[in-house]
Amino acid sequence: MRVMVCGGAGYIGSHTCVALGERGHEVVVVDNFSHSAPKALSRLEALLGRSLDAHCVDVRDGAALAALFARHRYDAVVHLAASRSVHDARTRPLAYFDNNIAGTIALLRTMREAGVGRLVHGSSAAVYGDGASGALDEDAPPICDDPYARTVAFVEQLIGEVCATDPGLRAVSLRHFDPVGAHPSGRIGDCVGGGVNDTLQAICQVVDGVRECVPIYGDDWPTADGTCARDYLHVMDAARAYADAVDALGDDARDVDGGHMAMNIGSGRSVGALELLGAFEAASGLRIPYRVLAHRIGDVAEVYADTRRAADWLGWRAESGVDAICRDVWRRLSMRAERTPSPAFQAEAGAAPK
Ligand SMILES: NC(=O)c1ccc[n+]([C@@H]2O[C@H](COP(=O)([O-])OP(=O)(O)OC[C@H]3O[C@@H](n4cnc5c(N)ncnc54)[C@H](O)[C@@H]3O)[C@@H](O)[C@H]2O)c1
118 MRVMVCGGAG YIGSHTCVAL GERGHEVVVV DNFSHSAPKA LSRLEALLGR
168 SLDAHCVDVR DGAALAALFA RHRYDAVVHL AASRSVHDAR TRPLAYFDNN
218 IAGTIALLRT MREAGVGRLV HGSSAAVYGD GASGALDEDA PPICDDPYAR
268 TVAFVEQLIG EVCATDPGLR AVSLRHFDPV GAHPSGRIGD CVGGGVNDTL
318 QAICQVVDGV RECVPIYGDD WPTADGTCAR DYLHVMDAAR AYADAVDALG
368 DDARDVDGGH MAMNIGSGRS VGALELLGAF EAASGLRIPY RVLAHRIGDV
418 AEVYADTRRA ADWLGWRAES GVDAICRDVW RRLSMRAERT PSPAFQAEAG
468 AAPK
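When you number the sequence shown by my numbering, it's gap-free, plus one each residue, and the end is 471.
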């Protein structure tokens, strides 16, 4: 299949390109490089062993998208072209609503005009709200406490409503729990060795010498190690879920309830901050200092994904645990010469493709 990956130079997108490419799909990257560097593409090409068709296009630019759809017939689109920072969205809500919602509208419109009928959308567990705890299933009502989560929930709703009125469109939204880790080669991964998870980010900052110790917000929670426990999903497991969803939507016999389904992707278990830190120490051979602080307002003891829907419908489940996550983050961190500096992705050398 020919698959357009919007946001394909980003963290989850680049790993998804690898997963799709390894299955023999023809991958076309669309990215405006607002939060990634063109250099990511040459690393992808090296991993895949072939050149990639890539376009520097903003998904809000309907005319540019239409020109791409006119050039080739696409079988599916993976949509990961969005702004993702909860903190940033609080200070720039207009920019987030514009990028995440206007981008999806332009993409849906041009896809349908071009007759492309399969969409896999990168959603987030943020739709369950900050106070959600325990095992979360997809029937939990969205409680969007911040502008970022509201954009994600609205985009899901938008896709659902378009699918409900257009029998030619079938879509899946994958609700990520904490995507972390890196490709096992260490050649691609995020600048901080993972997604946006606080604890792993802090561990990487300690390794980098920009932070003295990892803050642990309470060690008296009712969890196995006494610390707040979260659901860490290896980014390669996430990438496999995208490839599985593309393949599943490609099977016309597979029923998609109402044309659109949202499903959790997570490891299905929660891991405490101290367990994660211990796994990183074991992987790296380093001692990572930490300091126990007071509870943060709004924190909950544990959150993890109920992944039955993904298991039943996609046949997907996470395969890597925190040991593999930490091993791959450590490998990526060790390959410093190749790392992308944070946060000024855009400043990195390399010309954007046309
Ligand atoms: N990383 C996480 O922790 C996480 C968790 C849950 C959900 N998600 C969701 O997954 C998606 C991708 O996340 P990520 O971690 O890969 O983010 P990322 O920032 O690494 O990647 C996003 C990519 O999209 C590109 N992009 C952004 N706006 C664009 C636009 N208008 N046109 C074209 N390209 C654009 C960026 O340049 C970047 O390459 C986002 O929708 C995010 O909300 C991420």
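Built from N, CA and C at the ideal position, the CB exists for glycine as well.
This one's a predicted model, so the numbers in the text were calculated from it and none came from an experiment.
By the 16-neighbour rule on beta-carbons within 10 angstroms, T208 is exposed. G343 places its beta carbon 8 Å or farther from that of H412. Distance check between S202 and each of R188, D315, S401 places D315 closest, using alpha-carbon atoms only. Between A157 and A183, the gap from beta carbon to beta carbon reaches 8 Å or more. Straight through space, the alpha carbons of D364 and R371 are spaced by roughly 10 Å. Here G438 has no same chain residue with a Cβ atom under 6 Å from its own Cβ, once five neighbours each way along the sequence are excluded. By DSSP's assignment, L225 forms no beta bridge with any residue. In the DSSP assignment, the residues bridged to G239 are L291. The DSSP-derived three-state label of I129 is helix. Of the other Cβ atoms in all chains shown, fewer than 16 fall within 10 Å of the Cβ of L410; this residue is therefore exposed. In terms of side-chain proximity, the C-beta atom of L410 is found no nearer than 7 Å to any non-hydrogen atom of ligand 1. Excluding five sequence positions before and after C330, the CB atoms of its chain that fall closer than 7 Å to its own CB belong to V323, P406, Y407, R408, given in chain order. Here the distance from the Cβ of G220 to the nearest heavy atom of ligand 1 is below 7 Å. The bridge partners DSSP lists for V420 are G251. In the assembly as shown, G298 is a buried residue. Its beta-carbon has 16 or more other beta-carbons within 10 Å.
Per DSSP, P406 has no beta bridge partner at all. Contact between H196 and L224 holds, since their C-beta atoms are separated by about 6 Å, short of 8 Å.
D354 and C173 have their alpha carbons spaced roughly 27 Å apart. By the Cβ criterion, the stretch 396 to 406 is not in contact with the stretch 227 to 239, since fewer than three pairs of Cβ atoms, one from each stretch, lie closer than 8 Å.
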